[in-house]
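Here the structure comes first, spelled out in structure tokens, and everything after it is commentary.
In UniProt numbering, the protein residues as written are 1 to 531.
Okay, here's the thing in structure tokens:
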């Protein structure tokens, strides 16, 4: 029979076997601890080896115990056989059947335990195989972790190296930026210096000489149109009987017309007019007056005085102030112009044309010059001429139309002054006019009203006298330095000034000769809108 101790022991062994067959975590044996994936050191590995050895020893002890149990169970059939034999021999076979049944049960248990042992061996082998695989995987993870750790250390070292290079590059960049800033500042300073030097070194002209000649022609055309317009609107002034026409007008007209023409007009106006108007004479006289006025302003360096401001007194009060201080202002104007002109002549005699021309351009650009009050000044001069000649507008309102039409001359006059004084620096250009009583020379002047008369004159005839200039000319001045010292000045006429001869004035003053030559003389026709 089986002893109770043996039964209890087998039941405990079965529980141990079941305990081994049920792992606590699926896929990993309970005897093998969880290995860290990355940070696996030598001490946890040794601990795992010891646990595996203890597990193997325990499995071996269980197997040995089972083997002993099986041996005991194998001996029982012999004892039972002897018991059965003795029982049969002695007592008649009462225990024979029960003993056989016990033996069969023990055999079944023996077979069962053998199968269980085989299963346990297979299970132990599987667990050992898994343990080896996990150990190999843990070693692989450990190697990978060490490799990654070395990669991280290498990357950190590389990052530190790159950070050092970045700081060095930033330092170099700051140095380069500072150098660039210094270079830019120096470049701006040098640029300003070069720009200031180029002001005197450049030789490029804003306008070419033919363009300046065209500007002179345009201004002459405006003067001619204005004179033609005045020839149509001005008639002889009707005065009271016994009034002295010459005494009050002679001095004012000489400033614009010259002594010869002013005397002729004064003598003519002293008599009663033989006809209501003389358009040809008015045109000639006004053309001369406008030409001289434009020549004076085109050659002027500065207007000297500031533009007048309108005060509470109106135009009448301003006119009184200008009239009161006119003579002193004119003297100062002439003095300043002469001083600047002499200074420029000295610079031109001692410096190259490029330097002298740029100095003139800068001076003319920055010297104060204003067109304010031109309409009033020119109107005063025209009224003075009208007074000397004894002319008056056909209607009082036509005097305002004359003043409005004068503005058409100002724009081309300012453009011509700027072109000759500021825009052209490679040469010195100046307005050319002919002084009254000069001998007519076709090389330097042109007869405004020639009409073929020059060709009809004989070569032995005395030269004719010039009354005044009726159209502006343009001349080029150049200076040549002589080896022995000093300079030689040369004048080249680019556009001949137009003049009025004494014969033309006489023909305009004599009615019968004027009627005979009316078709031959050039009488202007007004172009443009009437005011």
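Even glycine gets a Cβ: it sits at the ideal position worked out from N, Cα and C.
Since the model is a prediction, treat every value here as computed from it, not as a measurement.
Going by DSSP in three states, residue i sits in which element: helix, strand or coil?
{"i": "residue 483", "result": "coil"}
{"i": "residue 397", "result": "coil"}
{"i": "residue 209", "result": "helix"}
{"i": "residue 501", "result": "strand"}
{"i": "residue 466", "result": "strand"}
{"i": "residue 450", "result": "coil"}
{"i": "residue 492", "result": "strand"}
{"i": "residue 432", "result": "strand"}
{"i": "residue 474", "result": "strand"}
{"i": "residue 414", "result": "helix"}
{"i": "residue 343", "result": "helix"}
{"i": "residue 234", "result": "strand"}
{"i": "residue 386", "result": "helix"}
Which two residues bound the contiguous beta strand (DSSP E) that contains residue i?
{"i": "residue 392", "result": "391–393"}
{"i": "residue 295", "result": "Segment 279–298 is the alpha helix (DSSP H) holding residue 295; no beta strand (DSSP E) there."}
What's the call for residue i, buried or exposed, on a 16-neighbour Cβ count within 10 Å?
{"i": "residue 161", "result": "exposed"}
{"i": "residue 366", "result": "exposed"}
{"i": "residue 520", "result": "Annotation note: pLDDT 43 at residue 520 (below 50); position unreliable, coordinate value reported separately. The residue in question, residue 520, is exposed, as its Cβ has fewer than 16 Cβ neighbours within 10 Å."}
{"i": "residue 112", "result": "exposed"}
{"i": "residue 47", "result": "exposed"}
{"i": "residue 172", "result": "exposed"}
{"i": "residue 390", "result": "buried"}
{"i": "residue 133", "result": "exposed"}
{"i": "residue 164", "result": "exposed"}
{"i": "residue 151", "result": "exposed"}
{"i": "residue 187", "result": "exposed"}
{"i": "residue 440", "result": "buried"}
{"i": "residue 402", "result": "buried"}
{"i": "residue 215", "result": "buried"}
{"i": "residue 137", "result": "exposed"}
{"i": "residue 501", "result": "buried"}
{"i": "residue 229", "result": "buried"}
{"i": "residue 175", "result": "exposed"}
To the nearest angstrom, how far is it from the Cα of residue i to the Cα of residue j?
{"i": "residue 357", "j": "residue 488", "result": "18 Å"}
{"i": "residue 207", "j": "residue 414", "result": "14 Å"}
{"i": "residue 354", "j": "residue 431", "result": "20 Å"}
{"i": "residue 131", "j": "residue 168", "result": "54 Å"}
{"i": "residue 508", "j": "residue 374", "result": "30 Å"}
{"i": "residue 427", "j": "residue 360", "result": "11 Å"}
{"i": "residue 417", "j": "residue 368", "result": "14 Å"}
{"i": "residue 36", "j": "residue 108", "result": "Because residue 36 sits at a pLDDT of 45, beneath the cut-off of 50, its placement in the model cannot be relied upon, and the point is left open."}
{"i": "residue 371", "j": "residue 410", "result": "8 Å"}
{"i": "residue 263", "j": "residue 383", "result": "17 Å"}
{"i": "residue 226", "j": "residue 339", "result": "33 Å"}
{"i": "residue 471", "j": "residue 447", "result": "10 Å"}
{"i": "residue 351", "j": "residue 503", "result": "46 Å"}
{"i": "residue 149", "j": "residue 135", "result": "20 Å"}
{"i": "residue 333", "j": "residue 421", "result": "18 Å"}
{"i": "residue 393", "j": "residue 449", "result": "25 Å"}
{"i": "residue 66", "j": "residue 106", "result": "14 Å"}
{"i": "residue 482", "j": "residue 490", "result": "13 Å"}
{"i": "residue 191", "j": "residue 185", "result": "10 Å"}
{"i": "residue 283", "j": "residue 463", "result": "25 Å"}
Kindly give me the distance between the Cβ atoms of residue i and residue j, rounded to whole angstroms, as I take these residues to be in contact under 8 Å.
{"i": "residue 499", "j": "residue 469", "result": "6 Å"}
{"i": "residue 347", "j": "residue 290", "result": "Rounded, the Cβ-Cβ distance is 32 Å, inconsistent with contact."}
{"i": "residue 285", "j": "residue 385", "result": "6 Å"}
{"i": "residue 425", "j": "residue 182", "result": "Not really, about 35 Å apart at Cβ, beyond 8 Å."}
{"i": "residue 362", "j": "residue 429", "result": "Wrong, their Cβ atoms sit about 17 Å apart, outside the cutoff."}
When every heavy atom of the ligand SAM is checked, does at least one fall within less than 7 Å of the C-beta of residue i?
{"i": "residue 48", "result": "Questions concerning the ligand SAM fall outside what the structure shown contains, since it holds no ligand whatsoever."}
At what residues does the alpha helix (DSSP H) containing residue i begin and finish?
{"i": "residue 363", "result": "353–366"}
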